[in-house]
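Below: one structure, written as structure tokens.
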Amino acid sequence: MPGVTNGGRMITAQDGAAIRPGKLRIFLGYAPGVGKTYAMLDEGRQRLIEGVDVVIGAVDAEPELLDGFEITDPALNVEAILRRQPQLVLIDDLAHINIHQDRHPFRFQDVDEILSAGIDVYATVNLQYIESLNDIVFQITGIKEFRTVPDTILDRANELEVVDLPVDDLLKRYETGVIPLSDIYQRHKLFRAGNLHALRELALRYTARHVDRNMQDYMQRKAIAGPWAAGERLLVGIGPSPFSTRLIRAACRLSQDLNAEWHAVYVEHSGQALKASDHEQLAQNMQLAEKLGAKVVSVPGNSIPQTLLSYARDHNITKIIIGHPRQSRLMELLRGSIAQQLVENSGDIDLYVVSSGNEAAPAANISLPSELSRRAVVEAVLLIALATLGGLLMQSMVTSTNLVMLYLLTVVVVAVRSGYGPAVMTSFLSVLVFNYFFVPPQYTFRVAEAEYLLTFAGLFVVGFVIADLTGRVRRQADVARQRENQTAELYSLSRDLAATVDPQLAMEAIINHVQQTFHSDSAIFLKDHGELKLYVQTPSYHVNLDESEMVQYVVDYGKPAGAGTDTRPLAESLYLPLQSAYETFGVLAVRTSGVHNPSQKRLMEAFAHQAALAIEATRLADKAQQAQLLKEREKLHNTLLNSISHDLRTPLVSITGALSSLRDEAVYVDASARQDLLEGAYQEANRLNRLVGNLLEITRLQAGTVKLNRELFSVEEIIGVARRQLSERLSSRPIHVDIADDLPLVAVDLVLMSQVLINLLDNALKYSPPEKPIEIRSFTQDNKLVLQVNDYGIGIPEDELPHIFEKFFRSHNTSGTTGTGLGLSICEGIVSAHGGTISAQNREAGGTCFQIMLPLDESDR
Amino acid sequence: MDPYVVDKVRVLVVDDERAVRRFLRTSLNVHGYDISEAASGEDAIMAVINEQPDVIILDLGLPDTSGLEVTRRIREWSQVPIIILSVLDQDTDKIEALDAGADDYVTKPFSVGELMARLRVALRHSQQPTVSAIFTVGDLEVDLAARIVKVRDEEIQLTPTEYDLLRVMINYAGRVITHQQLLREVRGVGYQTETHLLRVHMSNLRHKIEDDPTDPYYILTEPGVGYRLRTDD
Numbered sequence: 001m002p003g004v005t006n007g008g009r010m011i012t013a014q015d016g017a018a019i020r021p022g023k024l025r026i027f028l029g030y031a032p033g034v035g036k037t038y039a040m041l042d043e044g045r046q047r048l049i050e051g052v053d054v055v056i057g058a059v060d061a062e063p064e065l066l067d068g069f070e071i072t073d074p075a076l077n078v079e080a081i082l083r084r085q086p087q088l089v090l091i092d093d094l095a096h097i098n099i100h101q102d103r104h105p106f107r108f109q110d111v112d113e114i115l116s117a118g119i120d121v122y123a124t125v126n127l128q129y130i131e132s133l134n135d136i137v138f139q140i141t142g143i144k145e146f147r148t149v150p151d152t153i154l155d156r157a158n159e160l161e162v163v164d165l166p167v168d169d170l171l172k173r174y175e176t177g178v179i180p181l182s183d184i185y186q187r188h189k190l191f192r193a194g195n196l197h198a199l200r201e202l203a204l205r206y207t208a209r210h211v212d213r214n215m216q217d218y219m220q221r222k223a224i225a226g227p228w229a230a231g232e233r234l235l236v237g238i239g240p241s242p243f244s245t246r247l248i249r250a251a252c253r254l255s256q257d258l259n260a261e262w263h264a265v266y267v268e269h270s271g272q273a274l275k276a277s278d279h280e281q282l283a284q285n286m287q288l289a290e291k292l293g294a295k296v297v298s299v300p301g302n303s304i305p306q307t308l309l310s311y312a313r314d315h316n317i318t319k320i321i322i323g324h325p326r327q328s329r330l331m332e333l334l335r336g337s338i339a340q341q342l343v344e345n346s347g348d349i350d351l352y353v354v355s356s357g358n359e360a361a362p363a364a365n366i367s368l369p370s371e372l373s374r375r376a377v378v379e380a381v382l383l384i385a386l387a388t389l390g391g392l393l394m395q396s397m398v399t400s401t402n403l404v405m406l407y408l409l410t411v412v413v414v415a416v417r418s419g420y421g422p423a424v425m426t427s428f429l430s431v432l433v434f435n436y437f438f439v440p441p442q443y444t445f446r447v448a449e450a451e452y453l454l455t456f457a458g459l460f461v462v463g464f465v466i467a468d469l470t471g472r473v474r475r476q477a478d479v480a481r482q483r484e485n486q487t488a489e490l491y492s493l494s495r496d497l498a499a500t501v502d503p504q505l506a507m508e509a510i511i512n513h514v515q516q517t518f519h520s521d522s523a524i525f526l527k528d529h530g531e532l533k534l535y536v537q538t539p540s541y542h543v544n545l546d547e548s549e550m551v552q553y554v555v556d557y558g559k560p561a562g563a564g565t566d567t568r569p570l571a572e573s574l575y576l577p578l579q580s581a582y583e584t585f586g587v588l589a590v591r592t593s594g595v596h597n598p599s600q601k602r603l604m605e606a607f608a609h610q611a612a613l614a615i616e617a618t619r620l621a622d623k624a625q626q627a628q629l630l631k632e633r634e635k636l637h638n639t640l641l642n643s644i645s646h647d648l649r650t651p652l653v654s655i656t657g658a659l660s661s662l663r664d665e666a667v668y669v670d671a672s673a674r675q676d677l678l679e680g681a682y683q684e685a686n687r688l689n690r691l692v693g694n695l696l697e698i699t700r701l702q703a704g705t706v707k708l709n710r711e712l713f714s715v716e717e718i719i720g721v722a723r724r725q726l727s728e729r730l731s732s733r734p735i736h737v738d739i740a741d742d743l744p745l746v747a748v749d750l751v752l753m754s755q756v757l758i759n760l761l762d763n764a765l766k767y768s769p770p771e772k773p774i775e776i777r778s779f780t781q782d783n784k785l786v787l788q789v790n791d792y793g794i795g796i797p798e799d800e801l802p803h804i805f806e807k808f809f810r811s812h813n814t815s816g817t818t819g820t821g822l823g824l825s826i827c828e829g830i831v832s833a834h835g836g837t838i839s840a841q842n843r844e845a846g847g848t849c850f851q852i853m854l855p856l857d858e859s860d861r
Numbered sequence: 001m002d003p004y005v006v007d008k009v010r011v012l013v014v015d016d017e018r019a020v021r022r023f024l025r026t027s028l029n030v031h032g033y034d035i036s037e038a039a040s041g042e043d044a045i046m047a048v049i050n051e052q053p054d055v056i057i058l059d060l061g062l063p064d065t066s067g068l069e070v071t072r073r074i075r076e077w078s079q080v081p082i083i084i085l086s087v088l089d090q091d092t093d094k095i096e097a098l099d100a101g102a103d104d105y106v107t108k109p110f111s112v113g114e115l116m117a118r119l120r121v122a123l124r125h126s127q128q129p130t131v132s133a134i135f136t137v138g139d140l141e142v143d144l145a146a147r148i149v150k151v152r153d154e155e156i157q158l159t160p161t162e163y164d165l166l167r168v169m170i171n172y173a174g175r176v177i178t179h180q181q182l183l184r185e186v187r188g189v190g191y192q193t194e195t196h197l198l199r200v201h202m203s204n205l206r207h208k209i210e211d212d213p214t215d216p217y218y219i220l221t222e223p224g225v226g227y228r229l230r231t232d233d
């Protein structure tokens with residue numbers, strides 16, 4: 001959709017949330033007293049009767065008129081309304097300025113936020129407050145309104161209704177005092193019949209145009225062919241001059257008439273050094289353009305016309321609007337006016353030049369004193385004195401006209417060292433001094449021969465030109481250096497960020513860079529499970545009380561807030577959203593110190609962008625990893641549940657069975673059967689105990705809460721403990737122990753390491769025939785202690801070997817015996833906690849060899 | 001009937017699990033012991049004062065004060081034997097309780113036979129604190145007066161430290177002795193950190209008196225706690 005509405009839509013689209021924005025109905029009055037508020041309340045009451053949930057946001061009216069309505073708060077309280085979530089809110093006077101700046105400086109911003117939350121709004125506004133009509137109303141009434149409502153908000157209105165009243169009736173209301181007019185209006189008798197007629201017509205015309213545009217939008221949306229101008233695009237060149245506001249309004253009106261999108265472009269001219277006041281004016285101009293729906297950009301460039309034209313060509317601009325500020329003829333002759341240059345090169349792009357009228361050319365251009373630092377002046381005076389001294393010494397040898405060269409040299413030196421202002425001063429002084437000391441009659445300011453006037457003029461003009469040229473070169477160099485610094489900063493930030501995978505480190509890198517580049521404290525807030533948390537901050541960044549609200553706002557709406565923005569511009573910090581492709585997931589808060597020029601703000605935004613990318617990347621990596629972990633844990637839990645439900649129940653079945661028959665049928669059970677039942681139950685209870693022990697052990701190993709209590713033990717001692725634990729089951733087995741003589745002590749947790757050996761021996765007992773021996777061997781190899789348990793059993797299928805240490809893995813060969821499949825994974829967990837390895841292989845002679853390798857510390861020997 | 005039980009021996013069972021108390025009451029009654037019960041640390045201390053039991057079976061995990069704390073408080077004024085009941089992951093508490101003066105421990109779940117053996121040893125120790133000059137178990141014979149050690153009637157040459165280790169363990173025969181206690185009694189206070197030296201000496205001692213040091217018969221390792229010298233029971 002082209003046209004200003006584009007701008008309006010852009011803002012709502014940025015609001016991010018999937019909520020459908022609320023509908024806006026505006027009641028427009030052409031003058032105070034036509035009955036806007038009354039009309040709005042009337043409509044509101046109708047809705048109330050229809051059953052709509054209506055509340056009053058802020059209405060200034062007689063209390064009896066508000067009967068039956070729910071009032072949230074006498075003043076407009078956006079937060080209360082958002083909490084209350086009504087269907088419709090009535091709000092008087094869109095142009096109201098929030099003096100206490102509860103949330104936004106302007107009421108229309110409050111309305112915007114309420115609409116974004118999906119709540120319908122009825123609002124009123126007077127004609128004279130509409131931004132684009134502002135200066136027309138001024139021309140009619142002669143009064144300048146400073147509080148204005150941007151046209152974008154009116155464009156957003158789904159319905160614009162003129163509350164009309166014949167002028168005579170309105171005047172009658174004024175006369176009878178039904179409507180009290182404020183003093184200022186009364187004094188100036190602004191609302192005379194003639195004025196009121198003009199305003200009424202303006203209101204009707206404005207509304208008609210609005211309706212017309214809505215119609216066109218509708219036709220376009222529905223793809224109905226219609227008489228709209230296709231593809232018109234406007235560009236307005238703006239600058240740090242108050243005059244630009246007129247230009248911007250003009251461009252806005254033109255764009256509305258053409259239903260064209262428009263760009264407001266500021267050329268950041270390298271030859272233009274802006275003062276703080278210029279920065280402020282420029283920022284105001286840019287804000288104004290943005291409010292009126294323009295796409296605002298700032299483009300760096302050496303030549304204003306060239307840059308504007310190349311931007312225009314790149315963006316298919318069809319019309320360029322520029323101002324024609326009054327400048328001196330001399331300047332125009334020297335440089336050629338911007339308009340002239342544009343005309344010469346614009347080709348098929350139409351050019352509109354708006355004259356500056358009575359407004360004076362910005363006085364800012366003549367700004368020499370600001371550049372004259374005391375040091376520069378002293379230096380210039382000393383240099384002139386030096387040149388004069390030199391001149392006096394050479395006076396006898398050189399003709400006085402050639403002595404001028406000394407002064408030119410001085411001007412060049414001053415220009416290079418101190419810039420434009422001091423250089424101009426130097427050339428002026430030089431003329432005076434030269435006149436006084438060297439032009440006859442000497443030591444007077446009088447000039448005897450007219451030809452010297454030429455010398456003066458030459459000296460002055462050449463000095464002036466040199467000053468201008470060198471000054472320009474200096475500024476260019478300054479701008480270039482600044483840009484280079486910024487690029488370098490961005491580059492080093494992205495380089496640092498590329499090297500980090502840890503989100504915490506990435507964030508620390510970001511705030512460090514912000515600190516270095518802007519000398520500002522900063523902090524990063526991130527959404528974490530729907531809640532905003534402070535993740536990192538520079539040491540001296542102290543979180544303010546109201547900060548969380550601001551941060552929440554930025555995340556909710558996805559646009560910057562705080563210092564220098566539309567929302568709470570007086571806040572201490574600037575809050576920039578950290579956005580991924582899908583959402584705003586955090587906020588970079590920067591304590592800005594004072595005014596920020598556009599380029600600095602741009603750099604800050606670039607920082608936030610880089611930061612968002614980096615944090616997003618690390619968080620994605622983190623998320624993927626966590627998802628993987630979660631998956632594994634889930635798998636473990638599932639298998640654990642299976643294991644508990646099956647493997648733990650089986651022994652319980654035998655135990656309960658045996659005990660119940662002993663209790664209930666004791667008389668029928670003879671002595672040997674009783675012994676049998678008891679033995680079975682006892683063994684099953686033991687097995688249950690082992691299973692529970694294994695489950696506990698694996699859970700602890702898994703959770704990483706196992707703390708090794710490592711001390712030096714001999715291998716014999718480990719084996720001894722294991723054998724004693726299994727003594728009952730091992731008593732009928734041949735055990736061959738083969739231990740090298742010179743085995744060193746090894747630092748292990750005896751309880752855990754003997755558990756490993758117990759599990760391995762238990763496996764060997766289970767999976768090898770009862771008559772076959774079990775071998776335990778131990779020796780050293782490559783500064784490692786090797787401990788082997790060999791059996792002559794069934795072995796493990798080759799394809800299962802890589803998996804046998806996995807949790808709950810059970811070999812197909814073991815079907816028929818019971819177990820949780822935890823024993824070996826416990827072994828693996830314990831051995832690796834000791835920094836060792838465990839492996840299994842099938843022996844050539846048959847059976848399995850389990851081998852543990854533990855690192856030996858040389859000093860343990 | 002236990003030969004050492006002359007009068008009925010009074011046992012105080014301290015455990016917060018009703019099922020455990022019930023099973024102990026039944027089993028110990030069968031063996032002719034007189035049982036009283038306490039379910040918390042405070043109750044236990046009151047019971048020790050009021051009922052003067054001959055031996056205490058004390059669970060480490062009590063709802064109010066820990067078994068370790070109860071042990072410490074009882075030991076301030078009483079030498080009544082204390083046998084600790086513990087589960088596997090209470091190693092540290094168990095050792096601290098033993099070092100604080102508990103006599104022995106059994107790990108849950110335990111067999112009644114195991115508990116009875118511990119009880120008997122603890123009672124014997126409290127009732128007959130002096131040991132005879134000759135100690136025998138299996139094929140091992142130690143003449144404490146002559147400082148002669150024999151296995152299957154063959155004299156074994158021990159270093160002074162090895163002999164001291166054996167002698168101290170004979171004092172504790174049948175009961176667990178922690179590394180700390182052993183070191184303190186053999187080397188004196190201040191040497192309690194030399195546990196690895198202790199193990200080297202113990203290994204040497206085993207090589208001299210055991211048939212198979214990888215499956216010791218006389219000197220048993222209580223993993224994580226200490227050692228226990230076997231007795232003929």
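Taken in order, these protein sequences are the chains called X and S. With the first letter of the first sequence counted as 1, position 729 gets the number 729 in this note's numbering; the numbers rise by one all the way through. With the first letter of the second sequence counted as 1, position 175 gets the number 175 in this note's numbering; the numbers rise by one all the way through. Where is the CB? At the ideal position from N, CA and C, for every residue including glycine. From a predicted model like this one, the values you see are computed outputs, not experimental measurements.
- With fewer than 16 other Cβ atoms inside 10 Å of its own Cβ, W77 (chain S) counts as exposed.
- The beta carbons of I153 (chain X) and G22 (chain X) sit no closer together than 8 Å.
- The beta-bridge partner set that DSSP reports for C827 (chain X) is empty.
- Residue burial annotation: V70 (chain S) is buried, with at least 16 other C-beta atoms found within 10 angstroms of its C-beta.
- When 7 Å is used as the limit between beta carbons, L220 (chain S) is near these residues of chain X: R724, in chain order.
- Inclusion of L127 (chain X) and G29 (chain X) in the CB contact set at 8 Å is warranted, their separation being smaller than that value.
- The Cβ neighbour count for S660 (chain X), taken over all protein chains shown within 10 Å, is under 16; the residue is labelled exposed.
- Inter-segment contact for the region 526-540 of chain X and the region 508-518 of chain X is present: three or more beta-carbon pairs are separated by less than 8 Å.
- Judged by DSSP secondary structure, D478 (chain X) falls outside any beta strand (DSSP E) and instead within the alpha helix (DSSP H) spanning E451 to A498.
- Inclusion of T231 (chain S) and A173 (chain S) in the CB contact set at 8 Å is warranted, their separation being smaller than that value.
- S768 (chain X) is classed as buried because its beta carbon has at least 16 other beta carbons within 10 Å across all chains shown.
- If you ignore the 5 residues before and after Q725 (chain X), its C-beta comes within less than 6 Å of the C-beta of I758, all in its own chain and listed in chain order.
- The contact set of I719 (chain X) on chain S, defined by CB atoms closer than 7 Å, consists of T214 in chain order.
- Separation of the CB atoms of F713 (chain X) and L745 (chain X) is rounded to 6 Å, and the pair is thereby assigned contact status at 8 Å.
- K631 (chain X) and E806 (chain X) have their C-alpha atoms some 15 Å from each other.
- Nearest neighbour of E583 (chain X) by Cα position, chosen from X:K601, X:A563 and X:Y557, turns out to be X:Y557.
- Contact between the region 783-790 of chain X and the region 844-856 of chain X is established, with three or more Cβ pairs separated by less than 8 Å.
- Residue contact with chain X for H201 (chain S): absent (no Cβ-Cβ distance below 8 Å to any residue of chain X).
- Taken through DSSP and simplified to helix, strand or coil, E154 (chain S) comes out as strand.
- Within the region 104-185 of chain X, the complete beta strand (DSSP E) segments at least 3 residues long are 120-126 and 159-162, listed from N- to C-terminus.
- Scanning chain S for C-beta atoms nearer than 8 Å to the C-beta of N709 (chain X) yields D91 and G224, reported in chain order.
- For V587 (chain X) against F518 (chain X), the beta-carbon gap comes to about 16 Å, at or over 8 Å, which does not count as contact.
- Restricting attention to X:D762, X:N638 and X:S645, the CA atom closest to the CA of L730 (chain X) is found in X:D762.
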